[in-house]
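Under the numbering used here, the first residue of the sequence shown carries the number 3, and numbering increases by one thereafter. C-beta atoms are modelled at their ideal positions from N, C-alpha and C, and glycine is treated no differently. Since the structure is predicted, the reported quantities are computational estimates derived from the model, not experimental observations. All remarks here apply to the structure that follows.
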Amino acid sequence: MLSQYLSLNLQQQLSEISEHGFSIMDNFISPANILALADEINTLNANSHMQIANTGRSPISINTQLRGDSIYWLNEVEASPAQQAYFKKMEDLRCGLNQHLYLGLFSLESHLALYPIGAGYQKHLDCFQFKGGEQLPKRQISCILYLNQDWLAEDGGYLRLHLNAHERARLNLKESYLDIAPISGRLVLFLSDTFYHEVLATTRIRKSLTSWFLTR
Numbered sequence: 003m004l005s006q007y008l009s010l011n012l013q014q015q016l017s018e019i020s021e022h023g024f025s026i027m028d029n030f031i032s033p034a035n036i037l038a039l040a041d042e043i044n045t046l047n048a049n050s051h052m053q054i055a056n057t058g059r060s061p062i063s064i065n066t067q068l069r070g071d072s073i074y075w076l077n078e079v080e081a082s083p084a085q086q087a088y089f090k091k092m093e094d095l096r097c098g099l100n101q102h103l104y105l106g107l108f109s110l111e112s113h114l115a116l117y118p119i120g121a122g123y124q125k126h127l128d129c130f131q132f133k134g135g136e137q138l139p140k141r142q143i144s145c146i147l148y149l150n151q152d153w154l155a156e157d158g159g160y161l162r163l164h165l166n167a168h169e170r171a172r173l174n175l176k177e178s179y180l181d182i183a184p185i186s187g188r189l190v191l192f193l194s195d196t197f198y199h200e201v202l203a204t205t206r207i208r209k210s211l212t213s214w215f216l217t218r
C-alpha cells in the first residue's frame, strides 16, 4: 500500500511524468531524515570514504573536467535508519510508477554525492550507450533528492534541465532550460534517456542523494 504522503501527492506526480517526462516533489522525506543523510555525507567525507565519481560504467573513466563530485554507493541491506526511510518512500514510488505507467521498474541504484565549492557536472544523459550486445539493466527514471539547508540563489549549484520546444512554451520560458534549486527535501524525477541535464558550479558544498529506477 502506498504511504500516506504518496497517496495524497502521487497522482499529480505520475501525471506530470506521463505528460511531461519530469516532476518536482518538495518535502519528499522528513527534515530529520534529510539532516541525518547530510550528516552521513559529512562523516563519510571526513573518513575519506567518498570517491571521485567516474563517467560511464568503467571504474577507471574519471574526468574531473566533466564532473567534480565525490560519491558513495548505497547498499539497501546495510542501510542506516535515514536511508531506510528514503528507500521505503522510493519503493512506494516504484510501485506507483509501475501500477499507473506500466514501466516495469524492478530495482533501484543509489549514491550519496558531494560537490565541493566550484564543482559542477557538464551537460549529459543518464542512460548509457551499450556496445557489443550488452544486456544490462537500463536506467529509466533519474531521481535526485537534495540535502542542502538554507540554500540561496547565490549559492549556485542549480540542476539545469534542458527542455524541448513544447515544454519551454508550456512553462513560458525564455531559455531552453529550467534551472531547479537544490533545496532541502526536494526530489526531482525525469526520464533518464530523454533529458539532457547539468549541474551548475556551486559556491558552497552541495549534497544530494541520487538514484535511478532500472528496467531489464
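At 4 residues or longer, what runs of the alpha helix (DSSP H) sit wholly inside the stretch 44-129?
Residue ranges of uninterrupted alpha helix (DSSP H) with 4 or more members, entirely inside the stretch 44-129 and ordered along the chain, are 83-103.
Take Q6 and list the residues in its own chain whose beta-carbon comes closer than 8 Å to its own, dropping the five residues that flank it on each side.
Model confidence at Q6 stands at a pLDDT of 49, short of 50, so the residue's coordinates are unreliable and nothing is read from them.
Element boundaries [alpha helix (DSSP H), containing E177]
Where E177 is concerned, there is no enclosing alpha helix (DSSP H), given that its DSSP letter is neither H nor E.
Taking the straight line between their C-alpha atoms, what separation do you get for R96 and T205?
Whole-angstrom Cα-Cα distance: 34 Å.
Rounded C-beta distance between R69 and A55? I'm assuming under 8 Å.
About 6 Å separates the two Cβ atoms, so the contact holds.
So, for R218: in the same chain, excluding its five sequence neighbours on each side, which residues have a beta-carbon less than 8 Å away from its beta-carbon?
Counting only residues of its own chain and dropping the five nearest sequence neighbours on each side, R218 has a CB closer than 8 Å to the CB of G106, F108, P139 and K140.
Run through the DSSP bridge pairs and tell me what Y148 is partnered with.
DSSP output for Y148 lists S210 as bridge partner(s).
Within 8 Å, do at least three Cβ pairs link the stretch 81-100 to the stretch 166-173?
No: fewer than three Cβ pairs fall under 8 Å.
Looking only at its chain, what residues have a beta carbon closer than 6 Å to the beta carbon of Y117, apart from the 5 residues adjacent to it on each side?
In chain order, D71, T204 and R208 place their CB closer than 6 Å to the CB of Y117, counting only its own chain and leaving out the 5 sequence neighbours on each side.
I think L189 touches L39, with their Cβ atoms under 8 Å apart; what is that distance to the nearest whole Å?
Taking C-beta atoms under 8 Å as the contact rule, L189 and L39 fail to qualify, at a distance of about 12 Å.
Output yes or no for whether 7 Å exceeds the beta carbon distance between L154 and L165.
No, the pair does not count as a contact, with Cβ atoms beyond the cut-off.
Tell me whether the beta-carbon of L127 lies closer than 7 Å to the beta-carbon of S20.
No, Cβ-Cβ distance for L127 and S20 is not below 7 Å.
Using only CA atoms, which one of F197, F215, P83 and N44 lies nearest to N150?
That would be N44, whose Cα lies nearest to the Cα of N150.
Please list, in chain order, all residues of the same chain as Q124 whose beta carbon is under 6 Å from its beta carbon, the five residues on each side excluded.
Counting only Cβ-Cβ distances below 6 Å, and skipping sequence neighbours, we find L68 and E200.
State the DSSP-derived secondary structure class of Y7, mapped to helix, strand or coil.
For Y7, the predicted model reports a pLDDT of 48, less than 50, meaning its position is unreliable; a value from the coordinates is still stated below. Y7: helix per DSSP, three-state reduction.
Between L99 and the rest of its own chain, which residues show a CB-CB distance below 8 Å, the 5 nearest in sequence each way excluded?
Cβ-Cβ distances below 8 Å link L99 to L16, I19, L105, L107, I143 and F215 in the same chain, with the five nearest sequence neighbours on each side left out; the list follows chain order.
Kindly indicate which residue of S32, C129 and G120 has the alpha-carbon position closest to the one of E156.
Looking from the CA of E156, the closest CA among S32, C129 and G120 belongs to G120.
Using the Cα positions of M3 and Q101, report the straight-line distance between them to the nearest angstrom.
Note that M3 scores 44 on pLDDT, short of 50, meaning its location in the model is unreliable and no value can be drawn from it.
Buried or exposed (CB count within 10 angstroms, at least 16 for buried), P184:
Buried, because 16 or more other Cβ atoms sit within 10 Å of the Cβ of P184.
By Cβ distance, which residues of its chain are closer than 6 Å to S213, with the 5 residues on each side in sequence left out?
Leaving aside the five residues that flank S213 on each side, the residues in its chain whose CB is nearer than 6 Å to its CB run, in chain order, L110, S112 and C145.
The alpha helix (DSSP H) spanning R172 covers which residue range?
Taken as a continuous stretch (DSSP letters only), the alpha helix (DSSP H) holding R172 covers A167 to R172.
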